[in-house]
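Chains as they are written, first to last, in the working numbering: chain A, 331 to 456; chain B, 331 to 456.
Data first, discussion second: the structure below is written as structure tokens.
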DNA sequence: CGCTAAATGATAGCCTGCTATCAAACCCGT
DNA sequence: ACGGGTTTGATAGCAGGCTATCATTTAGCG
């Protein structure tokens, strides 16, 4: 059976507090604040379990390792900052993707990725 | 200076005739029809040159090797068939991404990826 | 407590996509 | 047709992200 370990708690805490999707390495860094000495293997193991348990959802970005965010009900998309590499959730999906789908194709889902510079990076590098 | 070789011509022909973005391995397969015995290294070399020359544009898909399509003027997006893995260009971008951008962020570009099953795969696997 | 199965950390290994290397083949101006 | 620099094909090597392995530590039931 599943045990409640210091490490897994630290990982869940890190993801919950971040408020944005984190990569495995970001998770490791944040979680080490609560549980020093944690190894990367533990992060990968915990992430796999949490995804299987529907507590985490992967956020895929081309050419980047996946980020993971705590699952939420609302439909939303993401913003990728090319300066710091951080990913943020954004609201307001402009639906209307049926019309884009070619005749005869079955549309099952869609992804929107915004790219640019986040507010924090705009300040530091104007 | 740049020579006009059978292989590079075959690669350009394959990409031009495909009418959709191709991965390096797809390019290799198609180009071998025109130039048997071609090696994968030649494909990677040609693709790099053609991208630099603005004749090809990469199409990035999370967790997949990039596809490459002949550059075109119109703004468009892509459809990924989960059955055959082929990528297709689609029209009708639902603009309106300013409204999605968080306050203070600078939006520079956006990507829309539709996922589902293409017409051909719908027929063969209903 | 004491025990046992679960979890951890370190690290070697795997996988995939891509690049470097180099001898052989080829393009093309002369 | 010649010759020299370009291109090619084969393959070894690299990089990054992830998984497997295994001795050690630990949670938590009894």
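Ideal placement from N, C-alpha and C gives every residue a C-beta, glycine not left out.
Cβ neighbours of residue i in the same chain (closer than 6 Å, five flanking residues each side left out)
| i | result |
| --- | --- |
| residue 414 of chain B | 451 |
| residue 372 of chain A | 337 |
| residue 396 of chain A | 388 and 390 |
| residue 531 of chain B | Past the edges of chain B, shown from 331 to 456, lies residue 531 of chain B, and the structure says nothing about it. |
Cβ shell of residue i (< 7 Å), same chain only, five flanking positions each side left out
| i | result |
| --- | --- |
| residue 401 of chain B | 384, 385, 386 and 387 |
| residue 421 of chain A | 406 |
| residue 431 of chain B | 437 |
| residue 365 of chain B | 336, 337 and 340 |
| residue 425 of chain B | none |
| residue 374 of chain A | 354 |
Where residue i falls: helix, strand or coil (DSSP)
| i | result |
| --- | --- |
| residue 356 of chain A | helix |
| residue 336 of chain A | helix |
| residue 369 of chain A | coil |
| residue 346 of chain A | helix |
Closest by C-alpha distance to residue i, when choosing among the options
| i | options | result |
| --- | --- | --- |
| residue 439 of chain B | B/412, B/406, B/419 and B/454 | B/406 |
| residue 454 of chain B | A/410, A/434 and A/390 | A/434 |
| residue 331 of chain B | B/429, B/404, B/379 and B/364 | B/379 |
| residue 389 of chain B | B/372, B/410, B/369 and B/364 | B/410 |
| residue 376 of chain A | A/367, A/350 and A/335 | A/335 |
| residue 418 of chain B | B/444, B/346, B/339 and B/382 | B/444 |
| residue 362 of chain A | A/381, A/341, A/393 and A/349 | A/341 |
| residue 339 of chain A | A/358, A/351, A/404 and A/426 | A/358 |
| residue 428 of chain A | B/428, B/446, B/367 and B/429 | B/446 |
| residue 370 of chain B | B/381, B/360, B/354 and B/382 | B/354 |
| residue 416 of chain B | B/351, B/392, B/382 and B/343 | B/351 |
| residue 399 of chain A | A/374, A/425 and A/381 | A/381 |
| residue 394 of chain A | A/360, A/333, A/356 and A/348 | A/356 |
Same chain only: Cβ atoms within 8 Å of residue i, ignoring 5 sequence neighbours per side
| i | result |
| --- | --- |
| residue 423 of chain A | 405, 406, 407 and 442 |
| residue 412 of chain B | 445, 446 and 447 |
| residue 343 of chain B | 361 and 364 |
| residue 347 of chain A | 360 |
- Task: Please go through the region 381-451 of chain B and give each complete alpha helix (DSSP H) segment of 4 or more residues, from N-terminal end onward.
- Result: none
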